[in-house]
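Numbering (my numbering), first residue to last: 43 to 348.
Backbone N, C-alpha and C define an ideal beta-carbon position, used for all residues, glycine too.
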Amino acid sequence: MINKHLIDPMDFSIYELDEIFKLAQEIIAEPKRFSHMCDGKILAALFYEPSTRTRFSFEAAMMRLGGNILGFSEPNSSSASKGETLADTIKMVSIYADVIAMRHPKEGSARVASKYSSVPVINAGDGGHQHPTQTLTDLLTIKILKKKLTGHTIGICGDLKYGRTVHSLIKAMSRYENIKFILISPKELKIPEYIKEEILSKNNIEFKEVERLEEVISELDILYMTRIQKERFFNEEEYLRLKDSYILDLEKMNVAKDDMIVMHPLPRVNEIAMEVDYDSRAAYFKQAEYGMYVRMALIVKLLGVM
Ligand code: NCD
43 MINKHLIDPM
53 DFSIYELDEI
63 FKLAQEIIAE
73 PKRFSHMCDG
83 KILAALFYEP
93 STRTRFSFEA
103 AMMRLGGNIL
113 GFSEPNSSSA
123 SKGETLADTI
133 KMVSIYADVI
143 AMRHPKEGSA
153 RVASKYSSVP
163 VINAGDGGHQ
173 HPTQTLTDLL
183 TIKILKKKLT
193 GHTIGICGDL
203 KYGRTVHSLI
213 KAMSRYENIK
223 FILISPKELK
233 IPEYIKEEIL
243 SKNNIEFKEV
253 ERLEEVISEL
263 DILYMTRIQK
273 ERFFNEEEYL
283 RLKDSYILDL
293 EKMNVAKDDM
303 IVMHPLPRVN
313 EIAMEVDYDS
323 RAAYFKQAEY
333 GMYVRMALIV
343 KLLGVM
């Protein structure tokens, strides 16, 4: 994996993913052992779009490995505001840093960046397209809390059209056996056709599309809730009409399986009532924690420091 880019969830083989998860679990068990692994190394965090968890978890990951960070959390504080091209920014940054984590509102931007970079580029979200490190987080969470990555019925609920975490998760899970998807969304926010055709149908993965969460929640092993992606709507009225389409509360949780887990990439707006946080099946904060450890493992692997 040394010097590879991570742009799309399929960039790593299942074997490589297993290596990352194994290392992440070693780090969780014994974090101190890794605290100087990246001494003298620099991560550049280039965030052209808002982020809390992803940016902080990358930065915390690098700091916990003993490395340093540079970067910006909004493009106005970089030369992008003077009109510098992404290509030029990346050429420069790859001189200063050893690895780049980048989030950008434009689909495909991380792929473009990787062409100009002499160091590994990690896609931390490109528009409504992909978010592969959230997928690493999601898979590690499933592997730890559900003990395996195969044989699950996964309900994905909310904004399946613009939700990049959803697109990446479906892509990545399509390689594991006996996965069934139940896609829950308003009809305006259904999963893009290309995911249905090129991933689900092509790989003979069982899936159904429904509009009501109540109808299917009892069938699920995993419920992956998502936020309606306000910033990707062209029309504010449509956002306002759809924003409260789903609210997971204890009443709905009552009919779910005892061992179902609730995941969410966060931030949540109001699609999960706070009362659910106290239910032992709520896994979203644990998931955010695993996100930092899996990014530590990823950085170690890409830099080849062990
Ligand atoms: C997600 C994202 O940025 O796509 N957040 C995250 O990275 N944890 C989900 C979202 O913003 O809704």
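Subject >> CB of serine 210 within 8 Å of CB of threonine 177, strictly >> reply: Yes, the Cβ-Cβ distance between serine 210 and threonine 177 is below 8 Å.
**OP:** Tell me where the alpha helix (DSSP H) around histidine 209 begins and ends.
**Re:** Counting along the chain, the alpha helix (DSSP H) containing histidine 209 begins and ends at 206 to 215.
Subject >> Alpha-carbon spacing of aspartate 319 relative to aspartate 291, whole angstroms >> reply: If you draw a straight line from the Cα of aspartate 319 to the Cα of aspartate 291, it is about 10 Å long.
Subject >> Residue closest to lysine 272, alpha-carbon to alpha-carbon, out of Asn312, Ala155, Thr131 and Lys185 >> reply: Comparing C-alpha distances from lysine 272 to each of Asn312, Ala155, Thr131 and Lys185 shows the shortest one belongs to Asn312.
**OP:** Any chance you could list the beta strand (DSSP E) runs of at least 3 consecutive residues sitting entirely within the stretch 256 to 318, in chain order?
**Re:** List check, beta strand (DSSP E) in window: 264 to 267 and 303 to 305.
Original post:
Less than 7 Å between the CB of glutamine 176 and some heavy atom of the ligand SAH, yes or no?
Top reply: The ligand SAH is not among the ligands present in this structure, which contains only the ligand NCD.
Subject >> Closer than 7 Å: threonine 268 CB and nearest the ligand NCD heavy atom >> reply: Yes, the beta carbon of threonine 268 sits closer than 7 Å to at least one heavy atom of the ligand NCD.
Subject >> Inter-stretch contact (C-beta, 8 Å, three-pair minimum) for the stretch 184 to 202 and the stretch 153 to 161 >> reply: No, the stretch 184 to 202 is not in contact with the stretch 153 to 161.
Original post:
If you draw a straight line from the C-alpha of glutamate 239 to the C-alpha of lysine 74, how long is it?
Top reply: Put simply, the backbone Cα of glutamate 239 is about 45 Å away from that of lysine 74.
**OP:** Mind reading off the beta-carbon distance from asparagine 220 to threonine 175? Whole number of angstroms is fine, and I expect it under 8 Å.
**Re:** Between asparagine 220 and threonine 175 a beta carbon distance of about 25 Å is seen, past the 8 Å cut, so the two are scored as non-contacting.
Original post:
Is the beta carbon of serine 210 within less than 7 Å of some heavy atom of the ligand NCD?
Top reply: Flag unset: Cβ of serine 210 not near the ligand NCD.
Original post:
Among Leu59, Ile44 and Pro92, which has the Cα closest to the Cα of valine 336?
Top reply: The shortest C-alpha separation from valine 336 is found at Leu59.
Subject >> Which of helix, strand or coil DSSP assigns to alanine 325 >> reply: Coil, per DSSP.
Original post:
Can you round the beta-carbon distance between leucine 88 and phenylalanine 100 to whole angstroms, since I take them to be within the 8 Å contact cut?
Top reply: Contact between leucine 88 and phenylalanine 100 does not hold, since the beta-carbon distance rounds to 10 Å and is not under 8 Å.
Subject >> Endpoints, beta strand (DSSP E) assigned at arginine 145 >> reply: Looking at the DSSP string, the run of the beta strand (DSSP E) that includes arginine 145 is 141 to 146.
Original post:
Can you name the start and end residues of the alpha helix (DSSP H) that valine 135 belongs to?
Top reply: Start and end: 128 to 138.
Subject >> Residue ranges of each alpha helix (DSSP H) within the stretch 45 to 128, 4 or longer >> reply: You should have 56 to 71 and 95 to 106.
Original post:
Smallest Cα separation from valine 297: which of Ile270, Leu262, Leu282 and Ile314?
Top reply: Of the candidates Ile270, Leu262, Leu282 and Ile314, the one whose C-alpha sits nearest the C-alpha of valine 297 is Leu262.
Original post:
Quick one: what's got a C-beta closer than 8 Å to glutamate 230's C-beta in the same chain, skipping five residues either side?
Top reply: These residues qualify, in order along the chain: Lys203, Glu280 and Leu284.
**OP:** Assign valine 154 to one of three DSSP states: helix, strand, or coil.
**Re:** In this structure, valine 154 counts as helix in the three-state DSSP scheme.
Original post:
Quick one: what's got a C-beta closer than 6 Å to serine 120's C-beta in the same chain, skipping five residues either side?
Top reply: So the qualifying residues of the chain are Phe114.
Original post:
Per DSSP, glutamate 251 is paired with what?
Top reply: Looking at the DSSP output, glutamate 251 bridges to Leu225.
Subject >> Short Cβ contact (8 Å threshold) for aspartate 168 with glycine 150 >> reply: Yes, the Cβ-Cβ distance between aspartate 168 and glycine 150 is below 8 Å.
Original post:
In three-state DSSP terms, what is threonine 183?
Top reply: Three-state DSSP puts threonine 183 in a helix.
Original post:
What residue from Leu112, Leu128, Pro147 and Thr127 has the CA that sits closest to alanine 139's CA?
Top reply: Measuring from the Cα of alanine 139, the nearest candidate turns out to be Leu112.
Original post:
On the premise that isoleucine 226 lies in contact with leucine 425, defined as a C-beta separation below 8 Å, what is that separation, rounded to the nearest angstrom?
Top reply: Absent from the structure is residue 425, since the part of the chain shown begins at 43 and ends at 348.
**OP:** Alpha carbon to alpha carbon, how far is methionine 105 from methionine 338? Give it in angstroms, no decimals.
**Re:** In a straight line, the C-alpha of methionine 338 is about 9 Å away from that of methionine 105.
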